[in-house]
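Asks: Going by UniProt numbering, the sequence shown opens with residue 1, and the numbers climb by one from there. Virtual Cβ for every residue (Gly too), placed ideally from N, Cα, C.
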Amino acid sequence: MHNAVTETAIFVKRLHFNNNRKSPLRKKRYISLALSLVMAGIAVAQQYNFRHYQVENGLSNNAVICMLQDSSHFMWFGTKDGLNRFDGYRFKVFRHQPRNNRSIGSNFIHCLSEGANGFLWVGTDKGIYRYNAVSESFEKLSNQVTGVISDLKAGSNGSLWFIMNQMLYCYQPSKNHFVFFDPARYGFFTSLSPLPGGSLCLSTPDGLVKHYDPVTGTMRSTDMFSHSQPTSSRWIERVYAIDNTNILIATSNQGAKWLNLSGSTYTDILTRENNTDLFVRNFLKVSDSTVWIASESGIFVYNLHNHQYANLKKAYNNPFSLSDNAVYSFCKDEEGGIWAGTYFGGANYYPMQRSAFQRMFPMPDQNSLSGNVVREITEDRYGNIWIGTEDAGLNKLSSKTGLLSSYLPTGKKGSIAYTNIHGLLADGDYLWIGTFEHGLDVMDIPTGKIIHHYSKGNRPGDLQSNFIHCITKTKQGEILLGTTIGAYRFNSHNHTFTPITSMPVNNWYSYIKQASDGTLWAATYGNGIRFFNPATGRSGNFICRQDAKGTLPDNRVNSIYEDSRKQLWFASEGGLSKWNARDSSFRNYTTADGLPTDYVLSILEDSSSNIWISTSKGLAMLSAATDKFTVYTTANGLLSDQFNFNSAYRNANGKMYFGSVKGLTTFQPDLFSDNPFVPPVFITGIEVFNQELVIGDKDSPLKKSISYTSSISLPYDQSTISIDFAALGFSAPEMIAYAYRMKGLDDDWVYLSKNRKAFFTRLKPGNYVFEVKAAASNGRWSPTPTRLEVEIRPPWWATNWAYFIYILLGASAFIYILRAYHQYTEAKNKRKYEQLEAAKEKEIFTAKIEFFTNVAHEIKTPLSLIKGPLEKIMKKAEGITDIANNLGIMERNTNRLIDLTNQLLDFRQTEINSFRLNFIHVNISELLEETFNSFRPLAEEKGLRYHIRYPSQQVFAYIDTDAFKKILYNLFSNALKYASRQASIHLYEIAENDTFFRITFQNDGFTIPVDMRDKIFEPFFRMQETATEQGTGIGLTLSRSLAQLHGGAIIVSSNPGGGNVFSLQLPLQQQNES
């Protein structure tokens, strides 16, 4: 009988009883002991699950005969059809190429070994080849070494021991010398194993193990079948040294043997399995107490101390089991992961870090879950775990036997109503079962029979919905139900249901939770969260408000959880929310904080106060210490990244259960261990315009492997490149994060979570340094980035020779420059003269302003005295046409003189800060439109595109109308005067909290330099570029002064496409409003 949670086919070593009759008491003891071993086997079974790499993943052939991890951390796999190098993502296959003498000479790889100098020795059926990682090429060891190499090992002194055609050789690279061990004296051999002391252990095809001492040149033999059962074959497949004296021996039909060299004694440790002779092929020492044994009957995990073992075999109904029972080779990598090569199933990988997650899923013909989609999980008082699925009914995991029982609707009395379970609650001897569309069942746990069924009805007290989505029990012992149409309280006296206070029946209730203070919290699907405190009568509803902070992120709430600190947590489709009772707000965690998705389904807390969250894209743990997330996915051993609603449970021992769409994942958070391994990063490829650069190709800049290249030089027309990289971590390569940068282009790191390729388009000629680093799921980054210097050579016209020619051309042009110098000097003197003239003109204008100001003072009073009598004469001359017309002309010119006088005095007053404004409430939009229309003829005369933009609402403000008109006049005039093709005015919309209104005047004329933007407001300042335009030079000065008197400003900026923007900003309100 096999356990429900078996991860791979496990067979525990059985007890062997003799045929003597036993007493009943002894029989009971044996049965008890056997049961304990079965349960021990169950515990072991929960640990072993394999990841498979086969031809579909890029492996050249599924027959993996040998394997190793080299000193650079690459994995190598020798197959019947090629040699494979693996970086965790991609296989690079090396095969024989008839026209390439640098390729390997044969595709059938028998054995691999790495020498002290870093060279990889490859034994094939046609001799030995040495792989040079730098040049990615192979060199044949010798033309005399052409036979089948069944085994080879590199010695610590640099020598190479190998067996060719069952004969022993030793190659000494320093002397380029071969030592041949004549079989007439030494015999034939099948395998070898160097010992730590420098000696050698060898096996023979006739059942002997020989210990060779290179110092004395002697061999000592031990017959490995001397006291074993008679056998038809004495073939020894492999010898494997555990240490200097203990040797494991693999045989073809008597399994594994253990030899102690010091006493020349051996023990048969594993000879038969299921009454069948055992063919053992290889060994791997995993720890001081454990060795893995490869055989034609799967893998045996053997304990060297107590001699117990477990047999891992292929299970056809388990995708995580061993892929093939014929296991040929082993390798333990730097992370502690174990690789197993099989004959038909490719390479199997067992990462040690993945054993924390145990998985339960349907396995036909075995005791397993009945369905894939696990929804509800609960525990009864007997310790049984009840598991409700959405596709195959109810399951019970027995606390006594560890076996599963399934419950399906049969249509008979006592069976459950439906296969789709949406709610579970264990209460004493009763199990409450909510279903999808088929109402509520109550099961008697001891008998497993349904004793009550409730469904939707029309009578008072009947259920109003058959869709039961959650069931909970309060501290007062009440049973509460959440349905698609309301939340209900069960009355045990009359078996009726009444709506829960403050829980509207028009809501879909997905979860109900009573907090420690007695408050009932209800999660709804679409209407946020409702709460009701029966003691205080306080109730309410929290919903998502997109425009407000501290609210729920989404109204579809899936689960509620209260942790050990009485902190409430909410899972919704907008993230994870933490309730703040002080201000009734939520602290929301989303993908921006590290969640894999905002679609959160269930919540649990572990014994360290960490919060575990199931989502639709994996499992996340929120650290109580750092407030940071750690994410786990199928790469870490989960069944699926897609978890299910309301599918989480933690038992009294802290074990957690999470349901997914592919089964149930269980784990003990306390058993999680941090993997300190930081994977090394290698650059594995470089492409130019999506074509990979290959060593030795025509015009290829690569002279050696890109993984061992420190710099590369490319021409300017090959400056669009992409660089591939990989961190050599195999336990969970999908969880490795990367960061890269190209110094010289951008010194900031670019972080990647999935892609392992950096793209650079049209790099400019120059020198760059590409750097890349990686971090495994532990968050530790590579201490030193991997670097590649990249040179982009300039085109020929930008080389040093080209610049030399340019210098010669420049020298030739020097004569021309001398000739033009005189003309340049004359032009310069002319400009100086013009500047002097402009300064003189400014001085004259200043004098004029002073003169006119003085004159204005003198004539202002006479003009006023003239205007009064003139108005009286005009009244008397009414009706006398000629006189009235002449008097009208006199009046207009008098007013004109008065206005000019006032403007001159205003300018002077602004200069001496004595100008006073009279603020009144004015329609700015109308004033602006009036001024705009007055300048329209000028715009049309200049052929300008002239337009204005108004806000949707008219703008009102307190201004001095006269001063404001002067400002507008000058800014309009300035905008049109210096425009080339267009001028535009924009009165901006007034927002609710604005205190200023803003008008911009834009044109496309000459852009005022930044260093000139303050000078243009100085009196009489004229820019040389605009000197041809007429103007007094005081318009902008007066406008800015008047704007500042309003409490505003005029700001100058430039358009992105050229031209200038004058922004007038004035307050909407004034302190001394009229």
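#1: Roughly how many angstroms separate the alpha carbons of Leu-539 and Phe-531, rounded to a whole number?
#2: Enumerate in chain order the residues of its own chain whose CB-to-CB distance from Lys-617 is below 8 Å, with the five nearest sequence positions on each side excluded.
#3: Per DSSP, what kind of secondary structure is Trp-801 in: helix, strand or coil?
#4: Excluding the five sequence neighbours on either side, which residues of its own chain have a C-beta within less than 8 Å of the C-beta of Met-656, listed in chain order?
#5: Label Ile-807 either buried or exposed according to how many other C-beta atoms from any shown protein chain fall within 10 Å of its C-beta, with 16 as the threshold for buried.
#6: Find out if the Cβ-Cβ distance for the pair Glu-376, Asn-646 is shorter than 8 Å.
#7: Quick one: which unbroken beta strand (DSSP E) runs of 3-plus residues sit fully inside the region 342–377? Chain order, please.
#8: Near Asp-441, what residues of its chain come up, given a Cβ to Cβ distance below 6 Å and the 5 sequence neighbours on each side ignored?
#9: Drop a sphere of 10 angstroms on the beta-carbon of Glu-273, count the other beta-carbons inside from all chains shown, and report buried for 16 or more, exposed for fewer.
#10: Could you work out which residue in Phe-189, Asn-157, Asn-165 is closest to Lys-175 when comparing CA atoms only?
#11: Could you check whether the region 232–246 touches the region 280–288, counting it as contact only if at least three pairs of C-beta atoms, one from each stretch, sit closer than 8 Å?
#12: I need the boundaries of the beta strand (DSSP E) containing Glu-114, first residue and last residue.
#13: Could you check where the alpha helix (DSSP H) with Asp-213 kicks off and where it finishes?
#14: So what does Leu-259 bridge to, in DSSP terms?
#15: Whole angstroms are fine: how far does the CA of Tyr-48 sit from the CA of Met-39?
#16: Return helix, strand or coil for Lys-285, following the three-state DSSP convention.
#17: If you drop the 5 nearest sequence neighbours on each side, which residues of the same chain put their C-beta closer than 7 Å to that of Ser-252?
#18: Which stretch, first to last residue, makes up the alpha helix (DSSP H) that contains Arg-981?
#19: When the Cα atoms are used, what is the spatial distance from Phe-629 to Asp-223?
#20: Rounded to a whole number of angstroms, what is the C-alpha to C-alpha distance between Asn-20 and Asn-275?
#21: If you compare alpha carbons, which of Val-661, Tyr-988, Gly-654, Phe-935 is closest to Asn-644?
#22: Based on DSSP bridge pairs, tell me the residues matched to Ser-711.
#23: Tell me the DSSP secondary structure of Leu-927 in three-state form.
#24: Between the C-alpha atoms of Val-1052 and Ser-1063, what's the straight-line distance to the nearest angstrom?
#25: Can you give me the C-alpha to C-alpha distance between Asp-324 and Ala-592, rounded to a whole angstrom?
#26: Check Pro-99 in the structure and name its three-state DSSP category.
#27: Going by CA-CA distance only, name the one from Pro-230, Arg-90, Glu-841, Asp-429 that's closest to Thr-447.
#28: Please report the straight-line C-alpha distance between Phe-490 and Gly-457, rounded to a whole angstrom.
#29: Under 8 Å, do Ile-385 and Val-374 count as touching if we go by C-beta distance?
#30: Looking only at its own chain, which residues have a Cβ that is under 6 Å from the Cβ of Lys-210, when we skip the five neighbours before and after it?
#31: If I measure Cβ to Cβ from Ile-873 and keep anything under 7 Å in the same chain, skipping five residues before and after, which residues do I get?
#32: For Phe-759, tell me which candidate among Ser-705, Ile-706, Glu-687, Tyr-738 has the shortest Cα-Cα distance.
#33: Using the C-alpha atoms, what's the distance from His-307 back to Arg-85?
#34: Just mark Glu-826 as buried or exposed, buried being the case when its beta carbon has 16 or more other beta carbons within 10 Å.
#35: If the criterion is Cβ atoms closer than 8 Å, does the pair Leu-971 and Phe-1001 meet it?
#36: According to the Cβ coordinates, are Ser-710 and Glu-789 closer than 8 Å?
Replies: Let me lay it out:
#1: The question names Leu, yet the displayed sequence has Ser at residue 539. Those two C-alpha atoms are separated by around 5 Å.
#2: Excluding the 5 residues flanking it on each side, Lys-617 has same chain C-beta neighbours closer than 8 Å at Pro-596, Thr-597, Tyr-599, Thr-633, Asp-641, Gln-642, in chain order.
#3: If DSSP states are grouped into helix, strand and coil, Trp-801 belongs with the helices.
#4: For Met-656, where only same-chain residues beyond five positions count, the Cβ hits under 8 Å are Leu-604, Asp-606, Trp-612, Ala-648, Tyr-649, Arg-650, Thr-666, Phe-667, Gln-668, Pro-669.
#5: Exposed is the label assigned to Ile-807, since fewer than 16 other Cβ atoms lie within 10 Å of its Cβ.
#6: Yes, they are a contact pair.
#7: Runs of the beta strand (DSSP E) inside the region 342–377: 347–350, 358–360.
#8: Hits under 6 Å: Ile-416, Ala-417, Ile-433, Ile-450, His-453.
#9: Classification of Glu-273: buried, given that the 10 Å Cβ count is 16 or more.
#10: With respect to the C-alpha of Lys-175, the residue from Phe-189, Asn-157, Asn-165 having the closest C-alpha is Asn-157.
#11: Flag = yes, the region 232–246 and the region 280–288 touch.
#12: Run containing Glu-114: 109–114, per the beta strand (DSSP E) assignment.
#13: Where Asp-213 is concerned, there is no enclosing alpha helix (DSSP H), although the beta strand (DSSP E) it sits in stretches over 208–213.
#14: Looking at the DSSP assignment, Leu-259 forms a beta bridge with Ile-247, Tyr-266.
#15: In this prediction, Met-39 has a pLDDT of 37, which is less than 50 and means its spatial position is unreliable; nothing more can be read from the coordinates.
#16: Lys-285 falls in the strand class under three-state DSSP.
#17: For Ser-252, where only same-chain residues beyond five positions count, the Cβ hits under 7 Å are Ser-233, Trp-235, Glu-237, Phe-279.
#18: Arg-981 -> no alpha helix (DSSP H), and no H or E assigned at all.
#19: Asp-223 has its alpha-carbon roughly 59 Å from the corresponding atom of Phe-629.
#20: Note on Asn-20: pLDDT 35, under 50, position unreliable in the model; the coordinate value appears next. Straight-line Cα distance between these residues: approximately 21 Å.
#21: Measuring C-alpha to C-alpha distances from Asn-644 to each of Val-661, Tyr-988, Gly-654, Phe-935 identifies Val-661 as the nearest.
#22: In DSSP, Ser-711 forms a bridge with Glu-789.
#23: In the structure shown, Leu-927 adopts helical secondary structure according to DSSP, grouped into three states.
#24: Taking the straight line from one Cα to the other gives about 6 Å.
#25: Distance between the alpha carbons of Asp-324 and Ala-592 is about 43 Å.
#26: Note that residue 99 is Arg in the sequence shown, not Pro. Arg-99 falls in the coil class under three-state DSSP.
#27: Ranking the options by Cα distance to Thr-447, first place goes to Asp-429.
#28: Phe-490 and Gly-457 have their alpha carbons spaced roughly 15 Å apart.
#29: Not in contact: Ile-385 and Val-374 (Cβ atoms no closer than 8 Å).
#30: For Lys-210, same chain residues with a beta-carbon under 6 Å away, outside a window of 5 residues either side, are Leu-202, Met-219, Ser-221 in chain order.
#31: Result list for Ile-873: Leu-887, in chain order.
#32: In terms of CA proximity to Phe-759, Glu-687 leads the group Ser-705, Ile-706, Glu-687, Tyr-738.
#33: So the two alpha carbons sit approximately 36 Å from each other.
#34: Glu-826 should be labelled exposed.
#35: Cβ atoms of Leu-971 and Phe-1001: closer than 8 Å.
#36: Yes. Within cutoff.
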